[in-house]
Amino acid sequence: MRGPRGAALLLAAPAAATLLALVVAAAVLQLAGADPVVTLRDALAYGLRPETLVAVVNKAIPYYLAGISAAIGFHLRLFNIGIDGQYRLAAFAAAVIGAAVAVPAPIHLALIVTVALVVGWGWAAIAGLLYVRRGVNVVISTIMLNAVATGVIAWLLSPERLGQIAPGSNNVTTATISETGWIPAIPTPAGGLNGLVILAVLLGIGYWVVLNRTTLGFEVRAMGLSERAATVAGIRAPRLALLTMAASGAIAGLVGLPQLLGASHRFGLDFPAGLAFTGLSVAILGRNHPLGVAIGAFVWAFLERSAQVLDLAGISREVVTILQAVIVLSIVVAYELVRRVRARQERRYVAQTVEGAPA
Amino acid sequence: MTAASMSAFASRSTWLASRVTHVALGFAVLSLLSGAFDAPDLFSRGGISATLRFTAPILLAGLGALWAERSGVINLGLEGMMIAGTWFGAWAAIEWGIGPGLVVGVGAGVAFGLLLALLTVTFGVDQAIAGLSLGLLAAGLTRFLSSITFATVPGGSITTSPPVPDFAIVSVPGVDLLIAPAESADLPILSDAAAVVLGLLTDVSVLTIAVVALVPLTWWILWRTSLGIRIRAVGEAPEASDSLGVRPWRYRYLALAVSGGLAGLGGVYLVTVASSLYREGQTAGRGFIGLATVIFGNWNPWSVTLGSVIFGFTDALRTRQELTVGVLLTGLGLLFALVAVRRGLGRDWRGVLLFGIPAVAMLAWFWLVRVVPSELVSFAPHLTTLLVLAFARQRLRPPAAIGEPFRRGDAG
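The listed protein sequences derive, respectively, from chains L and C. Going by the numbering used here, the first sequence opens with residue 754, and the numbers climb by one from there. Going by the numbering used here, the second sequence opens with residue 126, and the numbers climb by one from there.
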């Protein structure tokens, strides 16, 4: 169903979800004792300042990487909740190895990125193998692997092993990576833009090309549309599932790099955690399309950043988490309703065509 | 009794007898090991009652998952429903007392269960997306509510509540008097056995007893009442059920409400019996472990209970000494070594490697390091879940219509 009517329907879903989210936001703000209109206007004004926008983009980069990682799995209905463990383990390993070597800049960076890719790939491959060989549900296995990763990192990061106590705080971190392993920020009038934004853009293009211009991508899309048809056509489902899961993990391995290479240069207890659900959410919002995921990641980061205004108004910024959940839920409902309307239109169209055809 | 059913009964009791022998042997070996290495809290009374307290919430999540999946819906929102149960249970218990706390906590779970039903049954949204989003919603909602309630009172903060009242604690009368001497007599295996009996029968919360009673109740409703048969029919063949007048949406709504209520009760259990306050992140993936128990238990309440005990036992390890876990690891290593030897006798060399390598690793760890650090113990239940799912025999029979949305006359 192409054409203006189809496009209108496609936009109807996000528009309806946004509207519902705004209504819920207003209701929650009212409940918390703030004036919804004034607060939302303030939040929007704060969010649209150039400095804030640069910060939002910086925040959105890891969200985007996590979103692409989730989107890769979504094609085969593999819910990679393990993004969380994959990127934290990958960033931890990359930080340890990156700090242990002294080599020229290009090699150093390549080494850190490779370590992150390989660790994320390997950790996800465990879940992939369990799924393919033993039929273990990916959601369950990856959540369990997240807990294992958390424990292993906590154990290795203690001061007796690979960690050291950061001076002047109770944070425990790995050693700092030397400057040959840093990626400088891109200067803009409104502040430094994380250099990893280039990696994110290249990754988005690469994802689109592989998915739409290669045999592998075709196989993945075919399998996603109809497993039975794809299997009959000779595509091996287990191999593809394992490959997809591992690829999702490799990309997940990159999620920690904007922080590691562009900001903190070491892995500590304060390293951002819990980005798996963010990734899944923005992939759902963006319907697995690289541009859509980018918009989703931006919206997510924008909401979180502009919520800082709420603290000034004396409201917990956790309101945003409620909003995010409402957006995801209402958007999936809206997409489903749109799908039904389209299916009905298609049926009617087919019925008319068949009736109108000469016997 | 026919000859066939007699022989089935006989083979069943042989099976049971061999299982009981295995368990008794394993218990004896572990008991001797813990005596030899001076790790007394492996089978202490406190350790056993901790296992009971850690088993109950997983069991509730498991039963919740069972109800939902038997009706054909995978409830990936269990974790969120449990979170709702912890917060609302704690809040109402602090405000009005333990009884209202129970009702409100379970009610919050039911409300989330109905919301999941609305999304998956009425709107036909993907069950995984809907369930996981509910988890996000529950986490955000409770954090926000904490900020306007617990954070403003003394003893509370945005992540923790003030102390929550507890349920009454009861003991089987006379047991303590009769068996306690055996526990303190320092006999090789008997003292440990006495401690296990005491741990199970004395100082037990009334809520724990209620949770244990829910297992036969679930079995009875799902397998012995017409309501249960309809719920299971909807999970196996929704179209056929619908054609006979059993409306799938109605029974899925009901099953998800029960599922949410059980998860909510699990949350209440966590804040009242398993601990004494609400803490953010308290559920720690137990909702998902509950889902795993259903797979392990082949969608049967009795086996789900067995799975919950295994996961509860490993979960309770965090309350033990590091040396105790080391002893347990040795026991596991010996078991793996035994299996490897048996595989070797059967000339199954892959099996020898599969079990032999972990056996050597576990025994070497105990020999060289002896203790298992608490950071590594923290993920014991999760690792066990993974291993059990990976190695368990895969003769599973899930409900046929699991995960599929039902829409009358919808071709897709």
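For each residue, glycine too, the CB sits at the ideal point set by N, CA and C.
Would residue i pass as an interface residue toward chain L - the criterion being a Cβ-Cβ separation below 9 Å?
i: residue 209/C; result: no
i: residue 504/C; result: yes
i: residue 290/C; result: no
i: residue 461/C; result: no
i: residue 260/C; result: yes
i: residue 273/C; result: yes
i: residue 500/C; result: yes
i: residue 244/C; result: yes
i: residue 265/C; result: yes
i: residue 413/C; result: yes
i: residue 69/C; result: Past the edges of chain C, shown from 126 to 537, lies residue 69/C, and the structure says nothing about it.
Do residue j and residue i count as a contact pair if the criterion is CB distance below 9 Å?
i: residue 1054/L; j: residue 1072/L; result: no
i: residue 208/C; j: residue 245/C; result: no
i: residue 265/C; j: residue 234/C; result: no
i: residue 842/L; j: residue 876/L; result: yes
i: residue 238/C; j: residue 381/C; result: yes
i: residue 253/C; j: residue 302/C; result: no
i: residue 852/L; j: residue 928/L; result: yes
i: residue 469/C; j: residue 487/C; result: no
i: residue 1085/L; j: residue 251/C; result: yes
i: residue 906/L; j: residue 832/L; result: no
i: residue 112/C; j: residue 502/C; result: With chain C covering only 126 through 537, there is no way to say anything about residue 112/C.
i: residue 956/L; j: residue 257/C; result: no
i: residue 414/C; j: residue 186/C; result: yes
i: residue 1014/L; j: residue 1020/L; result: no
i: residue 169/C; j: residue 388/C; result: no
i: residue 1008/L; j: residue 1028/L; result: yes
Determine, for residue i, whether the minimum Cβ-Cβ distance to residues of chain C falls below 9 Å.
i: residue 1077/L; result: yes
i: residue 785/L; result: yes
i: residue 830/L; result: yes
i: residue 1062/L; result: no
i: residue 1037/L; result: yes
i: residue 1069/L; result: yes
i: residue 973/L; result: no
i: residue 890/L; result: yes
i: residue 932/L; result: no
i: residue 876/L; result: no
Leaving out five residues on either side along the sequence, give the residues of the same chain with a beta carbon under 8 Å from the beta carbon of residue i.
i: residue 788/L; result: 782
i: residue 141/C; result: none
i: residue 334/C; result: 295
Measuring alpha carbon to alpha carbon, tell me which of the options ends up nearest residue i.
i: residue 286/C; options: 424/C, 218/C and 447/C; result: 218/C
i: residue 215/C; options: 289/C, 312/C and 384/C; result: 289/C
i: residue 230/C; options: 456/C, 241/C, 213/C and 243/C; result: 213/C
i: residue 979/L; options: 816/L, 780/L, 798/L and 829/L; result: 829/L
i: residue 420/C; options: 199/C, 160/C and 174/C; result: 199/C
i: residue 514/C; options: 867/L, 891/L, 926/L and 763/L; result: 891/L
i: residue 987/L; options: 997/L, 969/L and 998/L; result: 969/L
i: residue 360/C; options: 425/C, 458/C, 528/C and 161/C; result: 528/C
i: residue 1092/L; options: 248/C, 377/C and 154/C; result: 248/C
i: residue 762/L; options: 805/L, 963/L and 1089/L; result: 1089/L
i: residue 1030/L; options: 902/L, 1069/L, 800/L and 1005/L; result: 1005/L
i: residue 330/C; options: 369/C, 293/C and 357/C; result: 293/C
Can you find a heavy atom of the ligand SAM that lies under 8 Å from the Cβ of residue i?
i: residue 223/C; result: Of the ligands one can find in the structure shown there are none, so the ligand SAM has no counterpart to examine.
Below 6 Å CB to CB, which residues in the same chain sit around residue i once its five sequence neighbours on both sides are set aside?
i: residue 407/C; result: 211 and 395
i: residue 374/C; result: 246
i: residue 263/C; result: 205, 208 and 209
i: residue 1052/L; result: none
i: residue 777/L; result: 1079
i: residue 462/C; result: 484
i: residue 536/C; result: Low local confidence applies: a pLDDT of 43 at residue 536/C is under 50, so the model's placement there is unreliable, and no value is given.
Which same chain residues, not among the five before or five after residue i, have their C-beta less than 7 Å away from its C-beta?
i: residue 326/C; result: 296, 297 and 300
i: residue 533/C; result: 367
i: residue 281/C; result: 275 and 287
i: residue 1056/L; result: 1073, 1076 and 1077
In chain order, each alpha helix (DSSP H) run of at least 4 residues that lies wholly inside the region 197-246 of chain C: The qualifying runs are 203-221 and 223-242.
Segments assigned alpha helix (DSSP H), at least 4 residues, entirely inside the region 757-828 of chain L: Listed in chain order, they are 757-784, 789-800 and 803-827.
Ordered list of alpha helix (DSSP H) runs contained in the region 320-355 of chain C, each at least 4 residues: When DSSP assignments are scanned along the region 320-355 of chain C, the uninterrupted stretches of alpha helix (DSSP H) that are 4 or more residues long and fall wholly within it turn out to be 331-349.
In chain order, each alpha helix (DSSP H) run of at least 4 residues that lies wholly inside the region 895-977 of chain L: Those alpha helix (DSSP H) runs which fall completely within the region 895-977 of chain L and span 4+ residues are 950-966.
Alpha helix (DSSP H) segments (min. 4 residues) lying fully within the region 369-448 of chain C: Segments of the alpha helix (DSSP H) lying fully in the region 369-448 of chain C: 373-394, 411-421 and 426-440.
Alpha helix (DSSP H) runs wholly inside the region 147-200 of chain C, at least 4 long, in chain order: Whole alpha helix (DSSP H) segments, 4+ residues: 170-195.
Segments assigned alpha helix (DSSP H), at least 4 residues, entirely inside the region 992-1046 of chain L: As far as the region 992-1046 of chain L is concerned, its whole alpha helix (DSSP H) runs of at least 4 residues are 1028-1038.
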